[in-house]
Amino acid sequence: MKVLIQRVQKASVTVEGQTIGAIDQGLLALVGVEKGDSEAAVEKMLHKLLHYRVFSDAEGKMNLNLQQIDGGLLLVSQFTLAAETHKGLRPGFSSAAPPAEGERLFNALVTQARSAWPNVATGQFGADMQVALVNDGPVTFLLES
């Protein structure tokens, strides 16, 4: 599982002109599920998302996590994160989980996140989504389980 996180001042997801998920300060997490990922990978990733220290403390150092700043978490499925890009000029997707498995594990991440944290929003799996954000920093990290 690969998750690209961006520290944001705000972020939202729109589908067919309707905003379906939005947060203020927090993390936008673009989630790519790969073949071989499991519930254990989901649990490990959720722990990282809630505890990864990317927010500044009073001295300007990245010492605070999402929970410590009472931030929002916007989870957006993005299978293209599983692309193979090391060879050629067109991405390959043979390492991405099949759609049904990707949706199952993405939904498991959403369910567990909502159980663990009150401020969780999502995109819509498989939809054509428009994601808007104000990246804070910019701060962006690729997390892998």
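Going by full-length UniProt numbering, the sequence shown opens with residue 1, and the numbers climb by one from there.
No residue lacks a Cβ here, since even glycine has one placed at the ideal position from N, Cα and C.
Owing to the predicted nature of the structure, the values given are computational and were not obtained by experimental measurement.
- Here residue 26 is buried. Its C-beta has 16 or more other C-beta atoms within 10 Å.
- Under the DSSP definition of a beta bridge, residue 23 partners with 11.
- For residue 136, the CB contacts under 7 Å within the same chain, skipping 5 residues up- and downstream, are 7, 8 and 9 in chain order.
- Approximately 7 Å separates the beta-carbon atoms of residue 29 and residue 74; this is inside 8 Å, confirming the contact.
- The beta carbons of residue 21 and residue 122 sit closer together than 7 Å.
- In this structure, the beta-carbon distance from residue 46 to residue 57 does not fall below 7 Å.
- Taking the Cα positions, residue 86 is about 17 Å away from residue 142.
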